[in-house]
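K.L.:
Residue numbers (the numbering used here), protein chains in the order written: chain E, 1 to 263; chain W, 1001 to 1233.
(1) How would you write the range of the alpha helix (DSSP H) that residue 167 of chain E sits in, first residue to last?
(2) Indicate the three-state DSSP secondary structure (helix, strand or coil) for residue 1015 of chain W in the structure shown.
(3) Tell me the residue span of the alpha helix (DSSP H) that contains residue 1033 of chain W.
(4) If the cut-off is 9 Å on Cβ atoms, which residues from the stretch 94-120 of chain E count as contacting chain W, listed in chain order?
(5) Report yes or no: do three or more beta-carbon pairs, one from the stretch 1073-1090 of chain W and one from the stretch 104-121 of chain E, lie closer than 8 Å?
(6) Where DSSP assigns a beta bridge to residue 1184 of chain W, which residues make up the other side?
(7) Nearest to residue 1204 of chain W by CA position, among W/1222, W/1144, W/1164 and W/1098, is which residue?
(8) Going by the beta-carbon positions, is the gap between residue 31 of chain E and residue 72 of chain E smaller than 8 Å?
(9) Within 10 Å of its beta-carbon, does residue 147 of chain E have 16 or more other beta-carbons around it, so buried, or fewer, so exposed?
(10) Going along the chain, which residues of its own chain have a beta-carbon closer than 6 Å to the beta-carbon of residue 1134 of chain W, five neighbours each way excluded?
(11) From the DSSP output, in three-state form, read off residue 1027 of chain W for me.
(12) Starting from the beta carbon of residue 261 of chain E, find every residue of chain W whose beta carbon is closer than 9 Å, and list them in chain order.
(13) Tell me the DSSP secondary structure of residue 78 of chain E in three-state form.
(14) Is the CB of residue 1117 of chain W under 8 Å away from at least one CB in chain A?
(15) Please report the distance separating the alpha-carbon of residue 1179 of chain W from that of residue 136 of chain E.
(16) Between the stretch 1062-1086 of chain W and chain E, which residues of the former have CB atoms less than 9 Å from a CB of the latter, in chain order?
(17) State the Cα-Cα distance for the pair residue 224 of chain E and residue 70 of chain E, rounded to the nearest angstrom.
(18) Can you tell me where the beta strand (DSSP E) with residue 1209 of chain W in it begins and where it stops?
(19) Mapping DSSP to helix, strand and coil, what is residue 1010 of chain W?
(20) Could you compute how far the alpha carbon of residue 101 of chain E sits from the alpha carbon of residue 64 of chain E?
(21) Can you list, in chain order, the residues of its chain with a C-beta nearer than 8 Å to that of residue 1088 of chain W? Leave out the 5 residues immediately preceding and following it.
(22) Would you kindly work out how many angstroms separate the C-alpha atoms of residue 1165 of chain W and residue 1106 of chain W, rounded to a whole number?
(23) Verify the CB distance criterion: does residue 3 of chain E have a CB-CB separation below 8 Å to chain W?
(24) What does DSSP give as the partner residue(s) for residue 1081 of chain W in the beta ladder?
(25) Would you say the stretch 198-217 of chain E touches the stretch 171-181 of chain E, given that touching needs at least three Cβ pairs under 8 Å?
(26) Within 8 Å of any Cβ in chain E, is that where the Cβ of residue 1105 of chain W sits?
(27) Cβ-heavy atom distance between residue 1065 of chain W and the ligand COA below 7 Å?
(28) Would you say residue 151 of chain E and residue 227 of chain E are within 8 Å of each other, going by their C-beta atoms?
(29) Nearest CA to the CA of residue 122 of chain E: which residue from E/143, E/34 and E/2?
(30) Helix, strand or coil, according to DSSP, for residue 203 of chain E in the structure here?
(31) With respect to the beta strand (DSSP E) encompassing residue 1146 of chain W, which residues constitute its N-terminal and C-terminal limits?
(32) Would you call residue 1032 of chain W buried or exposed, if buried means 16 or more other Cβ atoms sit within 10 Å of its Cβ?
(33) With a threshold of 6 Å on Cβ separation, who are the neighbours of residue 1046 of chain W within its own chain once the five nearest residues in sequence on each side are excluded?
(34) Would the stretch 1099-1113 of chain W and the stretch 125-136 of chain E be scored as touching if the rule is three or more Cβ pairs under 8 Å?
(35) Three-state secondary structure (DSSP) at residue 1060 of chain W?
(36) Does residue 258 of chain E come within less than 8 Å of chain W when only Cβ atoms are used?
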């Protein structure tokens, strides 16, 4: 199992480096932008906070982008939320199905390793990648904040990163299950799903009738504006996330163990 | 009496409405080189893939080295060397890395045997998989199937893509391993390979298996199997 895990990590290293540097770097650059915008941002903040549903959708009605936490939550929060969700989907949507899609499954599964161990190694690979991604992006953000030398709620940043990580695990879990079912890499489906979940959260915050159903999507509990404005912990959304993660991973084991392998 | 190292009983596998294999039973004795003949789509690969656990049969049992193919799947694979008809690996890996990766998963140091095999098959282990022709990928597959000196070899159309010299080397290797007690199940289209190297043989047609009295079958009779299959398709 260790060999499969190491092989997967090596194979996915480029994906991890590119996405981590891209998202972390963009977030870092965005934080540095705050300094240059600080003088003019107050006027912009007033305008953005009075745009009704649009302000709600991006959290600008609860937080002022004139402050660093508010600016971080609205700008970096959007980049990291969307980027990390897409990364989680990309990392997991083909991790099992690629063995059949690229015809290497017969080589791997003719070796003395059970399908369960293959699933475990690949799930661990995704988990390691998501941890590294979150930690490195977090370091970029901490670096940017430290460079500005301004007050910042460290606890909220930590909560935000943990929630984002959980959201990434949930998206990765669903994509992992799809990967276990499929014998083809469904890259479009994975990316589309991450974008749709993001759009669902965005629309849910604009359309009043949808607000009660926001908890279904993983972006509901990982919303930067709510975390930085110390809203209540979304227990229902987190409970549903836990159920979905467990069900997806269990489903992946069951499905991958039972189905016929395509040559 | 020699022991059966492979025992298949009433194995059936269907793909929805499509036929796979029907009620296949066969025994392969220790030290045998068993020829497994049949036209394309007759069910040879389905039988092999069911034996190795890639497919879940609808009915029947497979016992390999006295172990149940479902319960003792990992233990069986530790003692089997399998070469699929299409030799696919990870494109970006080097040949040496693929061979070592297979040995690592087996938790064995097979470097000595792998080195001997690579030399006999004249392989350049520094090349990347994506740079290799089908024949050279087949050679990598042979090394991966043989380097751990398994008790049973299962080869699915092993010589397609190999040049005549390598085909000869391949059969020399099989002979050497079987002389030391290994058993070989060889699925092929090439009648001359069965005539020359196999001790027993069976032929598959339309998902059903028929044991042959002797592997030395007449070429005209053999071709008739293919013609009959063509007519029924």
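Note that the Cβ used here is the ideal one computed from N, Cα and C, for glycine as well.
Fair warning: this is a prediction, and the values are worked out from it, not measured in the lab.
P.N.:
Short version:
(1) 154-181
(2) strand
(3) Taken as a continuous stretch (DSSP letters only), residue 1033 of chain W belongs to no alpha helix (DSSP H), being part of the beta strand (DSSP E) at 1033-1037.
(4) 102, 103, 104, 105, 106, 107, 108, 109, 110, 111, 112, 113, 114, 115 and 117
(5) yes
(6) W/1033 and W/1153
(7) W/1222
(8) yes
(9) exposed
(10) 1161
(11) strand
(12) 1049, 1053, 1054 and 1055
(13) helix
(14) The displayed structure is made up of protein chains E and W, and chain A is not among them.
(15) 57 Å
(16) 1073, 1074, 1075, 1076, 1077, 1078, 1079, 1080, 1081, 1082, 1083, 1084, 1085 and 1086
(17) 9 Å
(18) 1208-1211
(19) strand
(20) 48 Å
(21) 1137
(22) 30 Å
(23) yes
(24) W/1153
(25) no
(26) yes
(27) Judged by which ligands are present, the structure shown has none, so any question about the ligand COA falls away.
(28) no
(29) E/2
(30) helix
(31) From DSSP, residue 1146 of chain W is part of no beta strand (DSSP E) but of the alpha helix (DSSP H) over 1134-1146.
(32) buried
(33) 1013, 1020 and 1021
(34) no
(35) strand
(36) yes
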